[in-house]
């Protein structure tokens with residue numbers, strides 16, 4: 001699992017990005033949140049996740065919030 005913070009997430013558009021320290025941002029789609037049972041995220045919220053691939057692009061999967 002990789003740790004990061006929510007850079008931004010737009011529930012209307014259904015996507016956002018996770019900021020990783022020392023690495024590039026990772027795309028986050030609303031479907032990953034739905035699979036994890038997460039209904040909302042706040043900017044700056046700490047999360048752990050794995051990096052998957054969809055259509056040749058990296059995206060966050062198996063996301064979990066960190067309290």
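Residue numbers (full-length UniProt numbering): 1 to 67. From the three backbone atoms N, C-alpha and C, an ideal C-beta is built for every residue, glycine too. All values derive from a computational prediction rather than experimental measurement.
What does residue i pair with, by DSSP beta-bridge criteria?
i           : result
residue 57  : 54
residue 148 : Past the boundaries of the shown model lies residue 148; the chain is included only from 1 to 67, so the question cannot be answered.
residue 64  : 48
Just the C-alpha distance for residue i and residue j, rounded to the nearest angstrom, thanks.
i          : j          : result
residue 15 : residue 32 : 10 Å
residue 60 : residue 52 : 6 Å
residue 39 : residue 67 : 15 Å
residue 36 : residue 30 : 10 Å
residue 55 : residue 19 : 21 Å
residue 3  : residue 46 : 7 Å
Give me, in chain order, the residues of the same chain whose beta-carbon lies closer than 8 Å to that of residue i; leave out the 5 immediate sequence neighbours on both sides.
i         : result
residue 1 : 48, 49, 50, 62, 64
Excluding sequence positions up to five away, which residues of its chain have a Cβ less than 7 Å from the Cβ of residue i?
i          : result
residue 8  : 16, 17, 43
residue 21 : none
residue 25 : 7, 17, 18, 19
Would you say residue i faces chain C, with C-beta separation under 8 Å as the test?
i          : result
residue 45 : Structure shown: chain C not included; a single protein chain is present.
Can you tell me the Cβ-Cβ gap for residue i and residue j, rounded? I've got them flagged as a contact below 8 Å.
i          : j          : result
residue 27 : residue 57 : 7 Å
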